[in-house]
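Enquirer:
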Amino acid sequence: MLRQMIRMECRKAFRNKMFYTAVAAGCIITLFALVYYIGIYQNELTMMQADDVNPMHEASGLFNFWIGGEPFSFGSAAYFFMFPLLTAIPYGWSYCGEKRSGYIRTAVVQAGKKAYFLAKYTAVFLSGALAMVIPLAFDFLLSALFFPAVMPSPVYCTSTGIFYDSLMSMFYYTVPLLYVLIYLLIDFIFGGLIACISYAAACFVRYRVVAVILPLFFMLAVHYLRQFVYISAEVRYKEISPMFFLRPVQAAYPASWAVILAEMAALFLVTFFLSVIWERKHEIY
Amino acid sequence: MRFIRYFLFDLKQGALHNKALLLTPAAIGALVFLDFLFKAHRYLAIGAIEESVSYGDYWFYLYGGMKEYTPGPGNAFSFPVVWMLVFAAVPFVLLNYPFRDMGGIGQQILVRSRSRSTWWLSKCCWNFVGTVLYHLMLQTVGAALFLLFGMDLTYRIHMDFIRVVYDALHEELWERSALPLAVLVLPALVSAAVNMLQMTLSLFVRPMFGFFAAALLLLASAYLMSPVLAGNYAMAYRCDWMLKGGVTGRAGLTAAAALFVAAFLLGLVRFHFYDILEE
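Residue numbers (the numbering used here), protein chains in the order written: chain V, 1 to 285; chain E, 1001 to 1279.
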């Protein structure tokens, strides 16, 4: 029954207009970054042809011109600011809607509470995760049509934005594709977990729109914590805001596995507890 | 007469009984005050500023925004989190009421009154008053905390504090000592216009996409200093009163009024054909 429920919930999650709209909106935002960097790259090519200077190929390639590799364009700024909304829009609202419409009662009678809540969690997670990663993958593949996939060189670290203390900098300068894939995996997991915040929020709020928007404010609140944590200019802190460390490029402080895994675990435990364990013990009638 | 009754009803249900509208700015005001206080103490301790801060500095910290962003190596875009939190929270707390009302008692009112225009006008006025109330609450909480901590409750500003917070060069800012009234009201007016735009957009698309558009507009304003992007006028730092070559306050008032009226008229036309039963 659990497998059937998961299949049904996933079908509902991936075959709805909101999922397509969120993915399309994400892809459109990434195009802003692509267009901006195509202009920059064209400029660089023109300058290279005009002057007999070091072309610095390693400083301007696919791995630092795709949306995840640069922190300068509006597309990149917008995508990594709006992603909590983009991940919650596809299916984060569903539990709220089903509670209000009474659908949950029918589903629970048929499948049982455990199967229903687990299937819902899985579907919300997967829809959010895919809504986060599809636009990034789309931009990476599209960028590959325009920019050469030159192996980055640490000599140009100021251009690439990956420094000696950046997370997985060794991979970036040796196997950049693996670096991108690992980051896409991190973004996939975080996208799913952030979508689950809206599912957990739906246990307390009545309105779908509120449940969908809340993850953005949660992320903003975490981002605001930086103001209280990063108090010294001399200390090299680790990045704590997902709005920055989910970028494959270092936007401010370097990311760290400890922070990423701790936040991942905290998000999973809190959302899973609230939406599956705590909510299961509540009356649905 | 009917409009006044509707408006009073909206004011009561959508503003005075709206706990989120009162508690959210209170929470944000207190959080930003703590952040401001810690920063001011730190700057004073290391000698970055000469004297203790006043309420005007707190106000500027809330509504200042950020300096103009210039993309380039070593200068990654970092959105102004205080400003973003202050301005994105208003559309969020004001987002739900009109549509909740339309799905409930509002339907009865609309059918019995036989006037969609009055209903829409009332919602627009409520939106404006709600926004002003939000900003008043935000500033009142700050003022109350200033009183509580026995700090200087005047609109004096300290340029050394502003220069440190916004990492500004000496020559790019005018020397100012107090906040004028025009600068004080502009952010709330622009905020009301953005909220109005969001409410109108929510008649065309789902409210969550209306919010999406409003948040994107605010972010775009932070990213690009341009007179076309309304959010720039809501950043006190980017006004020509403070920043040499900044956006003009007069243009800001005109833009906010134009955006508000345009959104109102567009919403009026759209709402005339809006299927209220679908909600």
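Ideal Cβ placement from N, Cα and C applies to all residues, glycine included.
Do V:Val-270 and V:Ser-241 have their C-beta atoms closer together than 8 Å?
Expert: As a first step, residue 270 of chain V is located in the first sequence; it is residue number 270 there, counting from the start. As a first step, residue 241 of chain V is located in the first sequence; it is residue number 241 there, counting from the start. No, the Cβ-Cβ distance between V:Val-270 and V:Ser-241 is not below 8 Å.
Enquirer: Return the first residue and the last residue of the alpha helix (DSSP H) that E:Thr-1070 is part of.
Expert: What you label residue 1070 of chain E is simply residue 70 of the second sequence in a count that begins at 1. Looking at the DSSP string, E:Thr-1070 is not in any alpha helix (DSSP H), and its letter there is neither H nor E.
Enquirer: Hey, does V:Phe-217 have any beta-carbon neighbour from chain E nearer than 8 Å?
Expert: The residue given as residue 217 of chain V occupies position 217 in the first sequence. Chain E contact via Cβ: present.
Enquirer: Is there at least one Cβ from chain E nearer than 8 Å to V:Met-5's Cβ?
Expert: Reading the first sequence from its first residue, position 5 is the one you call residue 5 of chain V. False, the Cβ-Cβ gap to chain E never drops below 8 Å.
Enquirer: Using only alpha-carbon positions, find the residue among E:Leu-1219, E:Leu-1218 and E:Leu-1197 that is nearest to E:Gly-1210.
Expert: Numbered from 1 along the second sequence, position 210 holds the residue referred to as residue 1210 of chain E. Selected option, being the one with the closest Cα: E:Leu-1197.
Enquirer: Kindly identify the DSSP beta-bridge partner or partners of E:Ala-1178.
Expert: Looking up residue 1178 of chain E in the second sequence gives position 178. Looking at the DSSP assignment, E:Ala-1178 forms a beta bridge with E:Arg-1156.
Enquirer: If the cut-off is 8 Å on Cβ atoms, which residues from the segment 1218-1234 of chain E count as contacting chain V, listed in chain order?
Expert: Residues Leu-1219, Ala-1220, Tyr-1223 and Leu-1224.
Enquirer: Relative to the C-alpha of V:Met-56, which candidate in V:Val-150, V:Met-264 and V:Phe-138 has its C-alpha closest?
Expert: Taking the first sequence and counting its residues from 1, one reaches residue 56 of chain V at position 56. Here the closest residue by C-alpha is V:Val-150.
Enquirer: Return the residue from the list E:Val-1053, E:Tyr-1155, E:Phe-1204 and E:Ala-1020 that minimises the CA-CA distance to E:His-1272.
Expert: Translated into the one-based positions of the second sequence, residue 1272 of chain E becomes position 272. Nearest of E:Val-1053, E:Tyr-1155, E:Phe-1204 and E:Ala-1020 to E:His-1272, Cα basis: E:Phe-1204.
Enquirer: Suppose you measure from the CA of E:Asp-1280 to the CA of E:Ile-1004; what does that come to, to the nearest Å?
Expert: Chain E is shown only over 1001 to 1279; residue 1280 of chain E falls outside these bounds and no answer can be derived.
Enquirer: Residues of chain V with a CB under 8 Å from the CB of E:Asn-1127: which are they?
Expert: Against the second sequence, residue 1127 of chain E aligns to sequence position 127. Result: empty, since nearest Cβ-Cβ is about 16 Å, beyond 8 Å.
Enquirer: Take E:Leu-1085 as the anchor and find which of E:Phe-1260, E:Ala-1030 and E:Phe-1038 has the nearest alpha-carbon.
Expert: As a first step, residue 1085 of chain E must be located in the second sequence, where it is residue number 85. Cα-wise, what sits closest to E:Leu-1085 is E:Ala-1030.
Enquirer: Any residues in the segment 1233-1267 of chain E with a beta carbon nearer than 8 Å to a beta carbon of chain V? Which ones, in chain order?
Expert: Result list empty, no residue passes.
Enquirer: Extract the residue ranges of the alpha helix (DSSP H) inside the segment 99-161 of chain V, only unbroken runs of 4 or more that lie entirely within it.
Expert: With a minimum length of 4 residues, the continuous alpha helix (DSSP H) runs that stay inside the segment 99-161 of chain V are 103-111, 113-144 and 157-160.
Enquirer: Which residues in chain V sit within 8 Å of E:Val-1194, going by Cβ to Cβ distance?
Expert: On the second sequence, residue 1194 of chain E is found 194 positions in, with the first residue counted as 1. Those within 8 Å of E:Val-1194 in chain V number zero; the least Cβ separation is about 15 Å.
Enquirer: Of all the CB atoms in chain E, is at least one closer than 8 Å to the CB of V:Thr-46?
Expert: As a working mapping, residue 46 of chain V is identified with position 46 in the first sequence. Cβ-Cβ to chain E under 8 Å: no for V:Thr-46.
Enquirer: Work out the CA separation of V:Leu-177 and E:Ala-1258 for me, nearest whole Å.
Expert: On the second sequence, position 258 is the one that residue 1258 of chain E refers to. On the first sequence, position 177 is the one that residue 177 of chain V refers to. Rounded to the nearest angstrom, the two C-alpha atoms are 49 Å apart.
Enquirer: State yes or no: is the C-beta of E:Leu-1038 within less than 8 Å of the C-beta of E:Ile-1162?
Expert: Numbered from 1 along the second sequence, position 38 holds the residue referred to as residue 1038 of chain E. Numbered from 1 along the second sequence, position 162 holds the residue referred to as residue 1162 of chain E. First, the amino acid is wrong: residue 1038 of chain E is Phe here, not Leu. No, the Cβ-Cβ distance between E:Phe-1038 and E:Ile-1162 is not below 8 Å.
Enquirer: Of all the options E:Trp-1083, E:Trp-1126 and E:Leu-1133, which has the alpha carbon lying nearest to the alpha carbon of E:Leu-1022?
Expert: If you number the second sequence from 1, residue 1022 of chain E lands on position 22. The residue with the shortest Cα to Cα distance from E:Leu-1022 is E:Leu-1133.
Enquirer: Is there a Cβ of chain V sitting closer than 8 Å to that of E:Leu-1216, yes or no?
Expert: For this step, residue 1216 of chain E is matched to residue 216 along the second sequence. Interface residue, yes.
Enquirer: E:Arg-1270: which of E:Trp-1119, E:Ser-1191 and E:Lys-1012 sits nearest, CA to CA?
Expert: Numbered from 1 along the second sequence, position 270 holds the residue referred to as residue 1270 of chain E. With distances taken between Cα atoms, E:Arg-1270 lies closest to E:Trp-1119.
Enquirer: Determine, using beta-carbon pairs with one atom in the segment 1108-1116 of chain E and one in the segment 275-285 of chain V, whether at least three such pairs fall under 8 Å.
Expert: No, because fewer than three Cβ pairs between the segment 1108-1116 of chain E and the segment 275-285 of chain V fall closer than 8 Å, the two stretches do not touch.
Enquirer: Output the boundary residues of the alpha helix (DSSP H) element that contains E:Asn-1127.
Expert: Taking the first residue of the second sequence as 1, we reach residue 1127 of chain E at position 127. Segment 1116-1148, the alpha helix (DSSP H) holding E:Asn-1127.
Enquirer: Less than 8 Å between the C-beta atoms of E:Leu-1219 and E:Phe-1079, yes or no?
Expert: Counting from one through the second sequence, the residue named residue 1219 of chain E turns up at place 219. Counting from one through the second sequence, the residue named residue 1079 of chain E turns up at place 79. Closer than 8 Å, so yes.
Enquirer: Could you give the residue range of the alpha helix (DSSP H) that holds E:Pro-1227?
Expert: Position 227 of the second sequence holds residue 1227 of chain E. Careful: E:Pro-1227 lies outside any alpha helix (DSSP H) and carries neither H nor E.
Enquirer: So is E:Asp-1010 buried or exposed if we call it buried at 16+ other beta carbons inside 10 Å?
Expert: Here residue 1010 of chain E corresponds to residue number 10 of the second sequence, with the count starting at 1. It is buried - the Cβ of E:Asp-1010 has at least 16 other Cβ atoms within 10 Å.
Enquirer: Quick check: is the beta carbon of V:Phe-83 nearer than 8 Å to any beta carbon in chain E?
Expert: Walking along the first sequence from the start, residue 83 of chain V turns up at place 83. Not an interface residue.
Enquirer: Give me the Cβ distance between V:Tyr-199 and V:Ser-275, rounded to the nearest whole Å; I'm assuming they're in contact under 8 Å.
Expert: Start at 1 with the first residue of the first sequence, and residue 199 of chain V comes out as number 199. Start at 1 with the first residue of the first sequence, and residue 275 of chain V comes out as number 275. With 8 Å as the limit, V:Tyr-199 and V:Ser-275 qualify as a contact, their Cβ atoms being about 5 Å apart.
Enquirer: Using a Cβ cut-off of 8 Å (strictly closer), state whether V:Leu-220 contacts chain E.
Expert: In the first sequence, counting from the first residue as 1, residue 220 of chain V sits at position 220. Cβ-Cβ to chain E under 8 Å: yes for V:Leu-220.
Enquirer: Quick check on E:Met-1137 - is its C-beta less than 8 Å from some C-beta in chain V?
Expert: Residue mapping note: residue 1137 of chain E aligns to position 137 of the second sequence, counting from 1. Not closer than 8 Å to any Cβ of chain V, the Cβ of E:Met-1137 fails to qualify, so no.
Enquirer: Quick check: the segment 7-19 of chain V against the segment 120-127 of chain V, are there 3 or more CB pairs under 8 Å?
Expert: Short answer: they touch.
Enquirer: Could you tell me the distance, in whole angstroms, from the CA atom of E:Phe-1077 to the CA atom of V:Glu-70?
Expert: Within the second sequence, residue 1077 of chain E is the residue found at index 77, counting from 1. Within the first sequence, residue 70 of chain V is the residue found at index 70, counting from 1. If I take the Cα positions, the gap works out to 10 Å.
Enquirer: I'd like to check one pair, E:Asp-1160 with E:Ile-1049: are the Cβ atoms closer than 8 Å?
Expert: For the purposes of this step, residue 1049 of chain E is identified with residue 49 of the second sequence, where counting begins at 1. For the purposes of this step, residue 1160 of chain E is identified with residue 160 of the second sequence, where counting begins at 1. Cβ atoms of E:Ile-1049 and E:Asp-1160: closer than 8 Å.
Enquirer: Given that a residue counts as buried once 16 or more other Cβ atoms are within 10 Å of its Cβ, and exposed if not, what is E:Ser-1221?
Expert: Looking up residue 1221 of chain E in the second sequence gives position 221. E:Ser-1221 is buried by the Cβ-count criterion.
Enquirer: For E:Met-1066, which option in E:Val-1082, E:Glu-1171, E:Ser-1202 and E:Val-1183 has the closest C-alpha, if you only look at C-alpha atoms?
Expert: Taking the first residue of the second sequence as position 1, residue 1066 of chain E is located at position 66. Among E:Val-1082, E:Glu-1171, E:Ser-1202 and E:Val-1183, the Cα nearest to that of E:Met-1066 belongs to E:Val-1082.
Enquirer: Out of V:Met-1, V:Leu-214 and V:Val-180, state which residue places its alpha-carbon closest to the alpha-carbon of V:Ala-144.
Expert: Along the first sequence, read from residue 1 onward, the residue named residue 144 of chain V stands at position 144. Looking at the Cα atoms, V:Val-180 is the closest of the given residues.
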